[in-house]
Amino acid sequence: MRIPSNLRSLLIIYLVGLLLCLGLRLALWVTYPDSFAGITILEGLRTLWVGARFDLAVLTQLNALILLALLVPFRFAAHPLWRQGWMLLAILPLLLVLVLGIASIAFYGEVQRHLGAELLFMVNDWPFVVDLLVSSRREEFIALLMVSLLGGWAWWKLIRSDVMDGPAPRWPHAWLTLVLVLPLLVLLGRGLVLDGKTLNVVDAHALGDARLANLAMNAAFSVIHTSRNLDKVLKSPVSDSTEAALRKELNISQANPFVRQYGDQPTPHSSPNIVLIVLESWSNDYIDGLSGKDLGVTPNMDALLEQSQVYTNHYAAAQRSIQSLQAILTGVPVLPGQPRLSEGLEQVDMSRVGNLAAERGYESVFVQSSTRRSFRMNAVAASLGFSEYFGQEDIPLVMDYPEPTPRFGWDHDTLQFFHQRLDRMASKGPFMGVVFTGTTHEPFADPGKQFHRFPHDSASENGYLNTLAYSDWALGEFMAKARASDWYDDTVFLITSDHVLRASAGSLRSRFHVPLVVYAPKLISAHRSDKLVSHYDILPTVVDLMGSTEPFVAFGESIFRDALPDEAWVNQGEMVGLLRTNSELEFTPARLAVSFSAESTAARSLAPDQYSLELRAALLTHLVIDKLNLNNWTRGLDR
Numbered sequence: 004m005r006i007p008s009n010l011r012s013l014l015i016i017y018l019v020g021l022l023l024c025l026g027l028r029l030a031l032w033v034t035y036p037d038s039f040a041g042i043t044i045l046e047g048l049r050t051l052w053v054g055a056r057f058d059l060a061v062l063t064q065l066n067a068l069i070l071l072a073l074l075v076p077f078r079f080a081a082h083p084l085w086r087q088g089w090m091l092l093a094i095l096p097l098l099l100v101l102v103l104g105i106a107s108i109a110f111y112g113e114v115q116r117h118l119g120a121e122l123l124f125m126v127n128d129w130p131f132v133v134d135l136l137v138s139s140r141r142e143e144f145i146a147l148l149m150v151s152l153l154g155g156w157a158w159w160k161l162i163r164s165d166v167m168d169g170p171a172p173r174w175p176h177a178w179l180t181l182v183l184v185l186p187l188l189v190l191l192g193r194g195l196v197l198d199g200k201t202l203n204v205v206d207a208h209a210l211g212d213a214r215l216a217n218l219a220m221n222a223a224f225s226v227i228h229t230s231r232n233l234d235k236v237l238k239s240p241v242s243d244s245t246e247a248a249l250r251k252e253l254n255i256s257q258a259n260p261f262v263r264q265y266g267d268q269p270t271p272h273s274s275p276n277i278v279l280i281v282l283e284s285w286s287n288d289y290i291d292g293l294s295g296k297d298l299g300v301t302p303n304m305d306a307l308l309e310q311s312q313v314y315t316n317h318y319a320a321a322q323r324s325i326q327s328l329q330a331i332l333t334g335v336p337v338l339p340g341q342p343r344l345s346e347g348l349e350q351v352d353m354s355r356v357g358n359l360a361a362e363r364g365y366e367s368v369f370v371q372s373s374t375r376r377s378f379r380m381n382a383v384a385a386s387l388g389f390s391e392y393f394g395q396e397d398i399p400l401v402m403d404y405p406e407p408t409p410r411f412g413w414d415h416d417t418l419q420f421f422h423q424r425l426d427r428m429a430s431k432g433p434f435m436g437v438v439f440t441g442t443t444h445e446p447f448a449d450p451g452k453q454f455h456r457f458p459h460d461s462a463s464e465n466g467y468l469n470t471l472a473y474s475d476w477a478l479g480e481f482m483a484k485a486r487a488s489d490w491y492d493d494t495v496f497l498i499t500s501d502h503v504l505r506a507s508a509g510s511l512r513s514r515f516h517v518p519l520v521v522y523a524p525k526l527i528s529a530h531r532s533d534k535l536v537s538h539y540d541i542l543p544t545v546v547d548l549m550g551s552t553e554p555f556v557a558f559g560e561s562i563f564r565d566a567l568p569d570e571a572w573v574n575q576g577e578m579v580g581l582l583r584t585n586s587e588l589e590f591t592p593a594r595l596a597v598s599f600s601a602e603s604t605a606a607r608s609l610a611p612d613q614y615s616l617e618l619r620a621a622l623l624t625h626l627v628i629d630k631l632n633l634n635n636w637t638r639g640l641d642r
C-alpha cells in the first residue's frame, strides 16, 4: 500500500528536519569536544532521545500552518500544485533551524550554552551584527550562505522528484487522516508531554548534567522559548565605562561581588539535617504571632514562633511562586527581561542547591503538593541536583475530604509523605528536604467542617482563613511526627512562604512581607530579630548551615552573617524594589537607564540614603544583567 501524498509530505518534512537537527548536534559535539568529554554511550543515547523530543517539538511548532495545510481534507488540497507550494514554503522553517543552529554553535564557544534571548539584543543592535558578519565572522557567514543555498536547491529538487509522488488522498480517507494525525501533531508540538506544562528548556537540564543538557538542546527551540518567556528585553541601566565609577564610589572592587564563602559554622552540629518548608501564600498579616491580631487560625505556627529564631523583617523576592522559588533555590535575582526558573534560567552556569548539598554528602528530596509538571518542578528539581522529587501523583491520601483533590493538593497528606521520605533518608546520613505546600492557593478548597472558622467560600478571605487553619494543623501534625523521629535533634527547620496573599495593593513592604522561622531547639537559641533579610538569603543560609567552606555564588548572604548591607530586593512585574531598614526604592531598570549615571546631577541632588540606593540599584542591576547575558554568573569560583 502506497503512502498518500499528504502523509508522504509530512514524513519528508520531519525526516529532513530530524536529520538536520542531528547534524547540528553532532557538529556542536565535534566543534567543542572538550565540553562533552566523558559522555558514555548510554548517556549519549539518552541525550539523543531527549534531543529528538526538542527537535520534534520545534519542527511541529515552526511548520504548524504548513502541516495543517497539507492535511486539509478538501478536493483542492489533493492538487499537486497545492502540495508543492506548501512544501516549497517548508524550506523557510528548515533554513531557520539551520541558521540558528550554526549561530548557536559559534555562540557556544563564548558562553558555553546555546543561543537564547540574546537574539533579541542582536536584532535591536543590527548594525553591530552586520559589522560582525562582514568582519570577524566573514568566513562563517559565507559558509552559512553557501550551505543555505545548497540546501535550498536540494530541497527544491526533492519536492520535484519522484519521492514526492503518491496517491492523492480520497475524500473519506482525507477526513480520517485529519482526525487521526491532528492529535499526534499536538502531542509532537508539546514535546511528547501528555499532560501538564509543555516541553521547555528546563527539561533538557532534567538530565542532571550541563554537558548532556547542552547537547540535547535544540538551538531553534532555545531561541524561541527563552525569547518568548521574557516579558521584554532588558538592557543594562549603566554603561561599562560607568561601572568602574560606580564600583569605586560603592567600594566594590571584587570582580564578582556575588561570590560567597563561609568558614566556621553557625551551629554546634557539624552537618545538621536541613528541612526547608515553603508555605503557599502565608502572609505575616494572618499569623497572630507576627501580626498581633487574634484570628485564631495559626495556633501551631504561633507556638513554633515562641521556640524559634524569628526574622520579623523578612521579604519575599516576588509575587509568583516560581519566581520566589528561583530566589530561594538558586540565589539568582528575579529581574524583568531576564530568564526565569523553569523557563530558561537552567542554561545559566549557577550554583545549584542540590549539587551543593551532594558535595557535602547530603541526600536531598523535593516534594510539592501540586502535580509533578506544575511549574515543571520535576525537571527543575533534577536540574538543581535533588536526589529525589515527588509530586501530587506520588502522594497517597491519608484523610477523607469533602471534595476531590484540588489542583494544588492537600497539605496534610503532602507533609506526612514528606516526613516518610525524610525518615528513609536519615539512615543514609545528613539530608536536605524541601517541601512546597499548596492548599492555601486560590481557589480555596474545602478541607472539611472541622477547619471552618468562617463560612467557607472558595474565592473570599473566609475561604483562605479556613484553608490556613487546615494548613496550620497539617504543619503541627508534621512537626509532632518530626519530634518523635531519631533525626529531630540534629535538624534545622527553615519555614517561610512563597509570597503574600493577593498583594495588589498596600505599601511596598506589605506586598512582600512573609515569615522566616528558624526552628532548631537543640541547636539554635530562640529569639526575635529585626534584621532585614529576604528569600535571596535562604540559599546562602542553607550552605552556611551545611558547613561548606567552598565558594559559591548567590545574590544574598547567610542570615547568620553580616558582611553585606541588610537589604531585600523584590520584584513585581516591571517594578524592582530595594528595601533597606529605614529607606526604600522602587524603580524599573529602564528608568534607571534613562535617568541615572555616576555623574548625574539629578541623582546627586537626592538625600544621601536615597542616592546610595540609586547607586547600588544601578550597579548591581548592571552586574546581574551582564553576568547572566554572558553566562559568567559563577565567574570567580575555583573549579
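Per our numbering, residue 4 is the first one in the sequence shown, and the count goes up by one each step. C-beta atoms are modelled at their ideal positions from N, C-alpha and C, and glycine is treated no differently.
Please state whether DSSP places Pro399 in a helix, a strand or coil.
DSSP places Pro399 in coil when its eight states are reduced to three.
Could you check which residue in Leu103, Val226 and Ser324 has the C-alpha nearest to that of Glu445?
Comparing Cα-Cα distances from Glu445 to each of Leu103, Val226 and Ser324, the minimum goes to Ser324.
Please classify Trp52: is it buried, with 16 or more other beta-carbons within 10 angstroms of its beta-carbon, or exposed?
The residue is exposed, with fewer than 16 neighbouring Cβ atoms inside 10 Å.
Starting from the Cα of Gly211, find the closest Cα among Ser151, Arg583 and Asn358 and give me that residue.
Selected option, being the one with the closest Cα: Asn358.
If we call anything under 8 Å between Cβ atoms a contact, is Pro339 one with Pro592?
In this structure, Pro592 lies closer than 8 Å to Pro339 by Cβ.
On the DSSP bridge assignment, give the partners of Glu366 in chain order.
BP columns for Glu366 point to Phe434.
Candidates Asp426, Gln453 and Pro271: which alpha carbon is nearest Ala487's?
When each option's Cα is compared against that of Ala487, the closest is Asp426.
In whole angstroms, what separates the C-alpha of Gly692 from that of Pro399?
Not covered by the structure: residue 692. The range shown for the chain is 4 to 642.
In or out: Ala157 buried (at least 16 other Cβ within 10 Å) or exposed?
By the 10 Å Cβ count, Ala157 comes out exposed.
Once you ignore the five residues that flank Thr584 on each side, which residues in its own chain have a CB closer than 7 Å to its CB?
Cβ neighbours of Thr584 beyond the five flanking positions: Leu535 and Asp569.
Within 10 angstroms of the Cβ of Val182, are there 16 or more other Cβ atoms? Answer buried if so, exposed if not.
Exposed is the call here.
Assess contact between the stretch 358-376 and the stretch 433-440, defined as three or more Cβ pairs (one per stretch) separated by less than 8 Å. Is contact present?
Yes, they touch.
Given 8 Å as the limit, is there contact between the stretch 323-337 and the stretch 378-392, that is, 3 or more CB pairs closer than that?
Yes: at least three Cβ pairs fall under 8 Å.
Assuming Leu70 and Leu188 make a contact with CB atoms under 8 Å, what is their CB distance in whole Å?
Correct: roughly 6 Å between the Cβ atoms.
Relative to the C-alpha of Met353, which candidate in Leu59, Leu542, Phe420 and Asn276 has its C-alpha closest?
Nearest of Leu59, Leu542, Phe420 and Asn276 to Met353, Cα basis: Leu542.
Using beta-carbon positions only, say whether Arg363 and Ser274 come within less than 8 Å of one another.
The answer is yes: Cβ separation under 8 Å.
Need the endpoints of the alpha helix (DSSP H) that Lys452 sits in, please.
Premise fails: Lys452 is in no alpha helix (DSSP H) and is neither H nor E.
Report all residues from its chain with a CB closer than 7 Å to the CB of Leu91; omit the five preceding and five following residues, and keep chain order.
Taken in chain order, the residues that qualify are Ile162.
Is it buried or exposed for Ser1, if we count other Cβ within 10 angstroms and need 16 for buried?
With the chain covering only 4 through 642, there is no way to say anything about residue 1.
Check this for me: beta carbons of Phe555 and Arg263, under 8 Å apart or not?
Yes, these two residues count as a Cβ contact at 8 Å.
In terms of residue numbering, what span does the alpha helix (DSSP H) encompassing Gln87 cover?
Counting along the chain, the alpha helix (DSSP H) containing Gln87 begins and ends at Pro83 to Leu92.
Does DSSP put Val573 in a helix, in a strand, or in coil?
If DSSP states are grouped into helix, strand and coil, Val573 belongs with the strands.
Would the stretch 196-213 count as touching the stretch 97-105 if we require 3 or more Cβ pairs under 8 Å?
Not touching, per the Cβ criterion.
Taking 7 Å as the limit between beta carbons, can you name the residues of its chain near Leu344, skipping five residues before and five after?
Excluding residues within five positions, the ones whose Cβ falls inside 7 Å are Ile325, Leu328, Gln329, Thr333 and Val383.
For the pair the stretch 239-246 and the stretch 618-628, tell me if three or more CB-CB distances fall below 8 Å.
Yes, since at least three Cβ pairs between the stretch 239-246 and the stretch 618-628 fall closer than 8 Å, the two stretches touch.
Write down the C-beta distance between Val278 and Thr494 rounded to the nearest angstrom, noting that I regard them as a contact closer than 8 Å.
Contact flag correct, Cβ pair sits at about 6 Å.
Quick check on Pro186: buried or exposed, where buried means 16 or more other Cβ atoms within 10 Å of its Cβ?
With fewer than 16 Cβ atoms within 10 Å of its Cβ, Pro186 is classed as exposed.
Can you tell which of Leu202, Gly119 and Val281 has its C-alpha closest to the C-alpha of His538?
Out of Leu202, Gly119 and Val281, Val281 has the C-alpha closest to the C-alpha of His538.
Could you tell me which residues DSSP puts in a beta bridge with Leu535?
Answer is Asn316, bridged to Leu535.
Mind reading off the beta-carbon distance from Val545 to Val356? Whole number of angstroms is fine, and I expect it under 8 Å.
The Cβ separation is near 7 Å, so the contact holds.
Say whether the stretch 311-323 touches the stretch 510-519, bearing in mind that this needs 3 or more beta-carbon pairs closer than 8 Å, one atom from each stretch.
Yes: at least three Cβ pairs fall under 8 Å.
Quick one: what does DSSP say Phe261 is sitting in, helix, strand or coil?
Coil, per DSSP.
List in chain order: all unbroken beta strand (DSSP E) runs of 3+ residues lying wholly within the stretch 486-524.
If we require 3 residues or more, the beta strand (DSSP E) runs fully inside the stretch 486-524 come out as 494-500 and 519-522.
Cβ of Asn221 within 8 Å of Cβ of Phe57?
Yes, these two residues count as a Cβ contact at 8 Å.
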